[in-house]
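Sequential numbering of the sequence shown, starting at 321, is according to the working numbering. Reading through the structure tokens given below for one structure.
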Amino acid sequence: MCGIVGVISDNAALKAFNGLRALEYRGYDSWGLAYPESGGIFVVKKIGQIGKAGTDFSKSAGIAMGHTRWATHGKVTEENAHPHSSMDKSIAIVHNGIVENYAELKSELVSKGYSFKSETDSEVIANLIQEKLKTEKTFEGAVRKALLELEGSYAIVAMRKGEEKLVCARDGSPLVLGVAENACFAASDATAFISETKKAIFLEDGTMAVLNKQLKVFETKTGAQLKAVPKELSWDFEQAQKGDYEHFMLKEIYEQPRLLKSAANQPKDKMEKFVSMLRFAQKIYFTGCGTSYHACISGAYMFSSIAKTQVMPVLASEFSLQENFVDENALVVAVSQSGETADLIEAINIAKGKGAKIAGIVNVMDSTVMRLSDATLLMNAGPEICVLSTKSYTMQLALMLLLASYVSGKEEEAKRLLSGLSTGAAKILESNSEKIKEIAKGLSRAKDIFVIGRKNAFPTALETALKIKEVSYIHAEGFAGAELKHGTIALIEEGTPAIVLSTSQTRKQVASNAIEMRSRGAKIIMVDSIPHPDFDFSILVPDFGEANPIALVLPMQLLAYYIALERKLDPDKPRNLAKSVTVK
Ligand code: AGP
């Protein structure tokens, strides 16, 4: 999703540029920078990656702002890239979110003589602020009045010619402030300024801030000044770096064994509150998007098997299916790495409107999902920089396993299982990596790849297929093992690769599904705790019972990664994807 950075500091232009580099992981297709120069505002905008762009920016600018754009309104062009300037060039803004009433605002401004250069909704904000300056005494007053006319979501940073200050605001899109010795920052997430400071102020929705030599926070609606107390971020700059790994994706895959060991380290009071909500809910829904939705399905299997509790996994974007059944007796568990996924936030608001309680499982402290939740558990996966979710997925599964075990009073068993899996996970990755590289070579030329699994390996089949698609652009589909013969088996041809996820619980049935496919020409890759010499390839993963969904997905993440490398793709920045999808 779009990335925003604003800086008040010496050498602000370079710091804003470096902030943009740190936000590249969010996914983008154009970028831009703005800072004061020779009495005006200098704006540079480019399409494509930041790459080796020259950093011959002004060294004297004391304020600067930058933006990475993931196109929503309007094509990928320089005109549509941010920052956007007002018609008189006295104002520049960067924006993340959607102005739902921009067409109406734009036509009003056009009728007042304003002209526009881009197709974006964001440009409307710049001209609206210029219009408000006709009646407002201060820049921040004009920004505030303009914001009150916006419908939809926004995180913005604005600057005005001749004023050494930045005005920023959020409502529905993330914006966090960084406070350093002689500098302050505003950004979509703290990755943009963590190298400068770990002191962060997480702006609430409906608030704004004026950054200059000091930082003040206000309520947008009333203009009343609010108290703003910085918090110490729980992670540091190093964790957001690749280290010795070639890609963040590989680093984050190999971080999982260590993280699984600490998954059980949850604050006792938070775990108790979460578990009691699960115990007393009459209906429980797990909801999320993409990989997080797969974790919801996996969680439903764990709760059924371990806690004998029915959980309904619901795709967040289709939560309306449950709208007539969610009520004050329901608990909705919202699962999200970023905590900013718009489809999920919409689902949460539907559920809250029906009186349901919300329990969040997120990776980002103070994210919107966390604020909307009555109880939250943090995944403690550290910053996940790769666009693909890997370590956050297995940490979601680990928390689901723990929660199901706490609900059934078997938490010590779960802790032992996770501790064993932590050691086992390192071995699974190490012992299979060479074979996986070999298999990836063959799969990298496939047109279709099918993945099947039964029972608790079924959601892992869905997740494996998503990983392959996201990172290698090869069509892949995940299925419940028995489902393939109800139609899709028609697509199996000579040489079609099929990955079969097998466990001691499902081995017999899923092996017969494998034979059905092989008899139609499929190449079979068996993933199981025992070897299968009669199939084409065999990847060995020890049996971890209820934790198999975690054990089985590890080599699959690695396989997807190596397929991408075989296809000379950048696993960290897949085309068209954003790390946090903050639009519906
Ligand atoms: C997974 O690899 C993708 N990045 C995507 O499906 C992601 O899981 C989905 O967009 C949900 O994101 P969230 O966990 O931040 O809510």
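C-beta: ideal position from N, C-alpha, C; glycine also. Nothing here was measured: the structure is a model prediction, and the numbers come from that model.
{"query": "Simplified DSSP assignment, three categories, for ALA627", "result": "coil"}
{"query": "Whole-angstrom C-beta distance between VAL652 and TYR605, which should lie under 8 Å", "result": "5 Å"}
{"query": "Cross-strand partners of SER405 (DSSP beta bridge)", "result": "ALA412"}
{"query": "Contact under 9 Å by Cβ, ALA676 with VAL646", "result": "yes"}
{"query": "Same chain, Cβ closer than 6 Å to THR710, five either side skipped, listed in chain order", "result": "GLU572, ILE573 and GLN877"}
{"query": "Nonlocal neighbours in the same chain, by C-beta distance under 6 Å from TYR288, ignoring five residues either side", "result": "Limits of the chain in this structure are 321 at one end and 904 at the other, which puts residue 288 out of reach."}
{"query": "Status (buried if at least 16 other CB within 10 Å, exposed otherwise) for ALA641", "result": "The residue asked about is misnamed: residue 641 is Leu in this sequence, not Ala. Result: exposed."}
{"query": "Unbroken beta strand (DSSP E) run spanning LYS519, endpoints", "result": "519-522"}
{"query": "Residues of its chain near LYS581, where Cβ-Cβ distance is below 7 Å and the 5 sequence neighbours each way are ignored", "result": "SER739 and SER742"}
{"query": "Contact shell at 5 Å, judged by CB to any heavy atom of ligand 1, ordered along the chain", "result": "CYS609, GLY610, THR611, SER612, SER656, GLN657, SER658, THR661, LEU708, SER709 and VAL901"}
{"query": "Cα-Cα separation between VAL530 and VAL327, rounded to whole angstroms", "result": "12 Å"}
{"query": "ILE521 beta carbon less than 9 Å from that of VAL487", "result": "no"}
{"query": "The stretch 775-783 / the stretch 816-828 touching (three or more Cβ pairs under 8 Å)", "result": "yes"}
{"query": "Bridge partners - ASP768, DSSP secondary structure assignment", "result": "HIS795"}
{"query": "Contact set for LYS452: own chain, Cβ-Cβ below 7 Å, skip 5 residues either direction", "result": "ALA462, LYS465 and ALA466"}
{"query": "Inter-residue CB distance, ASN338 and LYS379 (contact presumed, cutoff 8 Å)", "result": "Incorrect: roughly 14 Å between the Cβ atoms, too far for contact."}
{"query": "Strand pairing of PRO633, partner residues [DSSP]", "result": "PHE606"}
{"query": "Range of the contiguous beta strand (DSSP E) that encloses ILE476", "result": "474-480"}
{"query": "Rounded separation between ALA446 and LYS518 - CA only", "result": "31 Å"}
{"query": "Cut-off 6 Å between Cβ atoms - residues of its own chain near ALA818, not counting five sequence neighbours on either side", "result": "PHE770, MET837, ALA842 and ILE844"}
{"query": "Endpoints, the beta strand (DSSP E) within which VAL363 is located", "result": "360-367"}
{"query": "Expected contact under 8 Å - CB spacing of PHE436 and GLU428 to nearest Å", "result": "The Cβ separation is near 12 Å, so there is no contact."}
{"query": "Sequence-distant residues of the same chain with beta carbon closer than 8 Å to SER624, five excluded per side", "result": "GLN630 and VAL631"}
{"query": "Validate contact between the stretch 744-754 and the stretch 865-881 using beta carbons, cut 8 Å, 3 pairs", "result": "yes"}
{"query": "Local conformation of TYR422 per DSSP, three classes", "result": "helix"}
{"query": "Nonlocal neighbours in the same chain, by C-beta distance under 6 Å from GLU357, ignoring five residues either side", "result": "SER378"}
{"query": "Between the CA atoms of ALA760 and LEU425 - distance to the nearest angstrom", "result": "52 Å"}
{"query": "Spatially closest choice to ALA584 from PRO703, GLU516, GLU733 and LEU692, by CA coordinates", "result": "GLU733"}
{"query": "Span separating the alpha-carbon of LEU905 from that of ILE681", "result": "Lying before the first or after the last residue shown, residue 905 is absent from the chain, which here runs from 321 to 904."}
{"query": "Rounded straight-line distance, which links the Cα of ASP890 to that of ASP441", "result": "31 Å"}
{"query": "CYS322 versus ASN416: straight-line alpha-carbon distance, rounded", "result": "6 Å"}
{"query": "N- and C-terminal bounds of the beta strand (DSSP E) containing MET528", "result": "527-531"}
{"query": "C-beta contact flag for PRO587 and LEU708 at 9 Å", "result": "no"}
{"query": "Own chain residues within Cβ distance below 7 Å of LYS755, not counting five before or after", "result": "ILE859"}
{"query": "Segment limits, beta strand (DSSP E) that includes LEU860", "result": "857-860"}
{"query": "Proximity below 9 Å, CB of ALA796 to CB of ASP768", "result": "yes"}
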